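Here the sequence shown stands for residues 23 to 377, where the numbers follow this note's numbering. In what follows, a single structure is set out as structure tokens and then discussed.
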Amino acid sequence: MMKRVLVSGGAGYIGSHVTVELLQAGYDVVVADNLSNCDLTCFEGVKKITGRNDIPFEKIDCCERDAVDRLFSEFRIDAVIHFAAFKAVGESVAEPLKYYRNNLLSFLNILEAASAHGGCNVLFSSSATVYGETDRLPVTEESPRQPATSPYGNTKQMCEDILRDTVMATAAYGTEVMSGLDKPGPVKGISLRYFNPIGAHPSALIGELPRGVPNNLVPYITQTAIGKRECLSIFGNDYPTQDGTCLRDYIDVVDLAKAHVAAVSRMTDGRMEDGYEIFNIGTGRPVSVLELVNTFEKVNNIKLNYRFAPRRAGDITAIWADPAKAEKKLGWKAQRTVEETLASAWAWEKHLAGK
Ligand code: WQD
């Protein structure tokens with residue numbers, strides 16, 4: 023029987039790319055999304071890319087316990103990938119309770135329903151933000167987490183811990199996940215710690231749709247290039263790096279999506295070595311802000327309007343992944359080059375502009 027994956031937040035940026043890769047790998051998918059931070063553009067794009075008009079779409083808010091429970095009663099779900107969450111760091115500082123309520127409650131509901139219906143495999147969408155600032159680079163999964171510097175980051179740490187504790191506690195219900203049953207079962211869990219996801223699907227039919235002024239670098243670059251923004255501010259050129267700008271590990275969103283398929287199959291095929299596992303998902307290559315801007319200009323043959331501006335509060339100098347564990351255990355490795363990724367980001371922006 024085909025395995026079915028519930029993708030919460032599946033209409034969003036990363037969720038839509040993951041839905042495509044899951045369908046193409048032969049999984050059935052149920053998309054659940056409350057459309058609070060996106061519209062149906064990407065879901066329509068997923069249908070076009072995969073040629074599938076029959077993907078179940080459930081417009082639900084995972085903060086509503088009954089709605090989540092109903093999903094697990096209606097569908098036999100072999101794995102959940104939980105994306106449904108707020109993700110703006112600055113907003114989380116201004117409105118912490120909104121972040122704690124939404125990001126924690128939705129995950130609690132998913133975990134309770136997952137365990138109540140015979141157990142389930144749960145993949146949590148975590149972030150490299152849990153590592154904070156460290157001198158020991160690249161970071162491995164064993165690198166210590168630093169105290170979170172924003173409520174957003176704190177929800178990522180807390181959800182990781184909630185998943186780990188749930189796995190431990192529900193192990194008492196046996197080892198085999200028998201999803202769809204009407205009795206409690208074990209939860210198995212994987213947290214994927216993403217570095218900086220960027221780019222879009224090569225079809226240019228799905229990509230990032232930021233609301234308002236983008237916080238993240240690549241949407242700001244593409245919106246400046248298309249003329250929606252006047253000028254890109256590069257936040258800080260006095261960092262202790264080779265060109266003075268920050269270093270990050272930019273991971274292509276399609277590569278990132280494939281990591282989810284690898285992690286889901288590890289869970290559903292019973293290949294986990296531990297009930298709860300953590301993987302870094304990055305390229306292992308640090309790239310500076312200026313390098314990224316220059317590469318964008320070069321591959322797309324565009325002169326970008328940018329200036330150096332003061333540092334942005336809360337930014338760390340450098341972080342990049344040691345992705346060796348993901349390669350060894352998941353058989354996953356980033357494939358696309360930064361050039362290909364930045365070309366895809368630009369193709370998506372042009373698609374949105376109707377060009
Ligand atoms: C990257 C670099 C900026 C915008 C954040 C979250 C993290 C994760 C991903 C989100 C930095 C510089 C940016 C601009 C710039 N989760 N920059 N001008 O800060 O590494 O990570 O997004 O869901 O938790 O913290 O990503 O894209 O904002 O910034 O110079 O207009 O680009 O200073 O060095 P960041 P980013």
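By construction, the Cβ of each residue, glycine as well, lies at the ideal position given by its N, Cα and C atoms. Fair warning: this is a prediction, and the values are worked out from it, not measured in the lab.
Residues of its chain near residue i, where Cβ-Cβ distance is below 6 Å and the 5 sequence neighbours each way are ignored
i    : result
L127 : C85
E299 : I212
G67  : L227, I228
V115 : S172
Own chain residues within Cβ distance below 8 Å of residue i, not counting five before or after
i    : result
I184 : L126, F129, L130, L133
F146 : H104, F129, C181, E182, L185, G211, I212, S213, L214
D260 : G266, R333
R329 : C253, L254, S255, I256
P169 : G154
Y195 : S137, G141, P206, G207, P208
P118 : P173
Residue i and residue j closer than 8 Å at C-beta
i    : j    : result
H282 : E43  : yes
I303 : R167 : no
Y122 : P173 : yes
R294 : A101 : One detail in the question is off: residue 294 reads as Met in this sequence, not Arg. No, they are not a contact pair.
L278 : I71  : no
V240 : A331 : no
G221 : D271 : no
S201 : R98  : yes
R74  : L45  : yes
W370 : A193 : no
S149 : K178 : yes
T305 : A356 : yes
T156 : S165 : yes
V286 : H223 : no
E361 : T317 : yes
M23  : G48  : no
Assumed close pair residue i, residue j - CB separation to whole angstroms, cut-off 8 Å
i    : j    : result
D344 : V161 : 6 Å
T246 : G258 : T246 to G258, Cβ: 18 Å. No contact.
G31  : D50  : Actually they do not touch by this definition, with Cβ atoms about 18 Å apart.
N322 : L364 : 7 Å
G141 : V199 : 4 Å
W354 : A348 : 5 Å
H139 : F94  : 4 Å
A135 : N237 : Not really, about 32 Å apart at Cβ, beyond 8 Å.
Any non-hydrogen atom of the ligand WQD within 7 Å of residue i CB
i    : result
G112 : no
K109 : yes
N237 : yes
V311 : yes
Y35  : no
Y195 : no
T151 : yes
R215 : no
Y242 : yes
G175 : yes
R334 : yes
N259 : no
N75  : no
C181 : no
N218 : yes
C268 : yes
D337 : yes
Distance cut-off 7 Å: residue i Cβ against heavy atoms of the ligand ZN
i    : result
I256 : Among the ligands modelled here, namely the ligand WQD, the ligand ZN does not occur.
Same chain, Cβ closer than 7 Å to residue i, neighbours up to 5 away in sequence not counted
i    : result
T263 : L269, S310, T339, A340
G292 : none
D76  : none
F65  : A33, S38, V53, F79
E163 : I300, F301, N302, K347
L57  : A33, K81
V40  : V29, I103, A279, H282
K250 : none
K325 : E319
* How do the stretch 226 to 243 and the stretch 46 to 64 stand: do at least 3 beta-carbon pairs fall below 8 Å, yes or no? -> Proximity of the stretch 226 to 243 to the stretch 46 to 64 meets the contact definition, three or more beta-carbon pairs being nearer than 8 Å.
* Say whether the stretch 179 to 199 touches the stretch 74 to 89, bearing in mind that this needs 3 or more beta-carbon pairs closer than 8 Å, one atom from each stretch. => Flag = no, the stretch 179 to 199 and the stretch 74 to 89 do not touch.
* Three-pair Cβ contact test at 8 Å for the stretch 322 to 338 versus the stretch 196 to 210 -> As far as the Cβ criterion goes, the stretch 322 to 338 does not touch the stretch 196 to 210, which means the pair count is below three.
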